[in-house]
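A.B. asks: Residue numbers (this note's numbering): 5 to 274.
All residues carry an ideal CB built from backbone N, CA and C; glycine is no exception.
Just so we're clear, the structure is a prediction, and the values are computed from it rather than from any experiment.
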Amino acid sequence: MPEFFERFQGRNDLLDYAASTGIPVTSTKAKPYSMDDNIAHCSYESGQLEDPSKPPPTDMWTRTDDPMKAPATPQDIQIHFEKGIPVKLTTEGKEVTDSLELFIALNAIGKLHGIGRIDIVENRYVGIKSRGCYDSPAMTILRDAHLDLEGLVMDGKVRALRDQFVTHAWSEILYNGLYFSPEREFVQNSLTYSQKSVNGEVRMRCYRGNVFILGRSSETEKLYSEEESSMDSLVDFSPVDTTGFININAIRLKKFGQAKLEAGEGLGTK
């Protein structure tokens, strides 16, 4: 409504109105940030953050403690996935299997150890650049664990195609608020298919703003073979095979190089 925008030119006008009418709000003139908070993350915009050269205030963050003041003792955790979904968290002798409680527990662990802060300049849907800060402890831990497990159990070509065509499209669809759209359903079908083999567990260490991978394993997926990847074993692979492999892959490169030489160009030139 035009009358609304004419009366309230910005956040300061809205804060004045809230104060005069007794409406409780979390923002203040000293901390006028626009904050969107849910179980997955909290986002911060406006106020001092509109100058991208200035660091965010240390007391702004709500979902993560200061990594510089995090405990000196690390915390080890283990996350189990089934078809790409986290189904069990184990830490300090405790197991959590309820999906909501698992997420809440990881939020608490990430908060304590200062994990999950980012400060970025992003491109809004309407074309404007915007500086935003986010803290997302549980999501950060789960993402790192999930990507690491994919390296062990997911077919390399499927993963490459997913990352090339699906990952960015999925992020863009959600960022632009198009969850209830046919393209989201189309992309999600691809994602769901790609996660059929993402079964296993990842061991991690949380420490002062970081989460370190300690190891990963899977009882059901067999793409990784310790013998095949060993430099001390020739099981299922002969060095003799490399000659034919190199010759076949070199055919087009030889033709490319020959054409450059005939044109008077060096092989290293553009």
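According to DSSP, which residues form a beta bridge with glutamate 99?
C.D. replies: Looking at the DSSP assignment, glutamate 99 forms a beta bridge with Thr94.
A.B. asks: Which stretch, first to last residue, makes up the beta strand (DSSP E) that contains phenylalanine 216?
C.D. replies: First-last of the beta strand (DSSP E) with phenylalanine 216: 214 to 221.
A.B. asks: Which residues mark the beginning and the end of the alpha helix (DSSP H) in which glycine 261 is found?
C.D. replies: From DSSP, the alpha helix (DSSP H) with glycine 261 extends over 245 to 266.
A.B. asks: The beta strand (DSSP E) with valine 125 in it runs from where to where?
C.D. replies: Where valine 125 is concerned, the enclosing beta strand (DSSP E) stretches over 121 to 127.
A.B. asks: Looking at proline 56: is its Cβ nearer than 8 Å to the Cβ of valine 125?
C.D. replies: The answer is yes: Cβ separation under 8 Å.
A.B. asks: Is it the case that the region 79 to 94 contacts the region 200 to 216, given that we only count it when at least three CB pairs across the two stretches are under 8 Å?
C.D. replies: A contact exists between the region 200 to 216 and the region 79 to 94.
A.B. asks: In chain order, which continuous runs of the alpha helix (DSSP H) of length 4 or greater are located wholly inside the region 137 to 206?
C.D. replies: Taking only runs of at least 4 residues, the alpha helix (DSSP H) segments lying wholly in the region 137 to 206 are 141 to 157, 160 to 165, 172 to 179 and 186 to 198.
A.B. asks: Less than 8 Å separating the beta-carbons of valine 215 and isoleucine 145?
C.D. replies: Yes.
A.B. asks: Answer yes if the region 60 to 78 comes into contact with the region 107 to 121, meaning at least three C-beta pairs across the two stretches below 8 Å, and no otherwise.
C.D. replies: Touching, yes, given that three or more Cβ pairs across the two stretches are closer than 8 Å.
A.B. asks: Tell me, which residues are paired with methionine 64 by DSSP?
C.D. replies: Looking at the DSSP assignment, methionine 64 forms no beta bridge with any residue, so it has no partner.
A.B. asks: When we look at the beta-carbon of glutamate 154 and count the other beta-carbons within 10 Å, is it buried (16 or more) or exposed?
C.D. replies: So glutamate 154 ends up on the buried side.
A.B. asks: Taking asparagine 275 as the reference, give the member of Thr30, Lys87 and Arg67 with the closest Cα.
C.D. replies: One cannot answer for residue 275 here, as it falls past the ends of the chain, which runs 5 to 274.
A.B. asks: So for lysine 133, helix, strand or coil by DSSP?
C.D. replies: DSSP places lysine 133 in strand when its eight states are reduced to three.
A.B. asks: Take serine 38 and list the residues in its own chain whose beta-carbon comes closer than 6 Å to its own, dropping the five residues that flank it on each side.
C.D. replies: Correct list, in chain order: Glu49 and Ser50.
A.B. asks: For isoleucine 27, name the three-state secondary structure that DSSP assigns.
C.D. replies: Isoleucine 27: coil per DSSP, three-state reduction.
A.B. asks: Can you give the Cα-Cα distance for phenylalanine 184 and leucine 178, rounded to whole angstroms?
C.D. replies: So the alpha carbons of these two residues sit roughly 9 Å apart.
A.B. asks: Bridge partners of glutamine 82, per DSSP?
C.D. replies: Paired residue(s): Thr94 and Arg207.
A.B. asks: Decide if alanine 149 is buried, meaning its Cβ has at least 16 other Cβ atoms within 10 Å, or exposed.
C.D. replies: That one is buried.
A.B. asks: Hey, arginine 128 and leucine 53: beta-carbon distance below 8 Å or not?
C.D. replies: No.
A.B. asks: From this set, Val29, Thr32, Ala76 and Pro59, which residue's C-alpha is nearest arginine 209's C-alpha?
C.D. replies: Of the listed residues, the one whose Cα sits closest to arginine 209 is Ala76.
A.B. asks: Is the beta carbon of tyrosine 21 closer than 8 Å to that of phenylalanine 12?
C.D. replies: The answer is yes: Cβ separation under 8 Å.
A.B. asks: May I have the straight-line CA-CA distance separating aspartate 63 from asparagine 180, to the nearest angstrom?
C.D. replies: Roughly 29 Å separates the two Cα atoms.
A.B. asks: Relative to the alpha-carbon of leucine 195, which residue among Gln168, Gly213, Tyr211 and Arg212 has its alpha-carbon at the smallest distance?
C.D. replies: Residue Gln168 is the option with its Cα nearest to leucine 195.
A.B. asks: Any idea which residues DSSP pairs isoleucine 89 with across the strands?
C.D. replies: Isoleucine 89 is bridged to Glu86.
A.B. asks: Out of Val91, Ala109, Ser233 and Gln199, state which residue places its alpha-carbon closest to the alpha-carbon of valine 162.
C.D. replies: Comparing Cα positions, the closest option is Gln199.
A.B. asks: Quick check: the Cα distance between aspartate 236 and threonine 247, rounded to an integer number of angstroms?
C.D. replies: Taking the straight line joining both Cα atoms gives about 20 Å.
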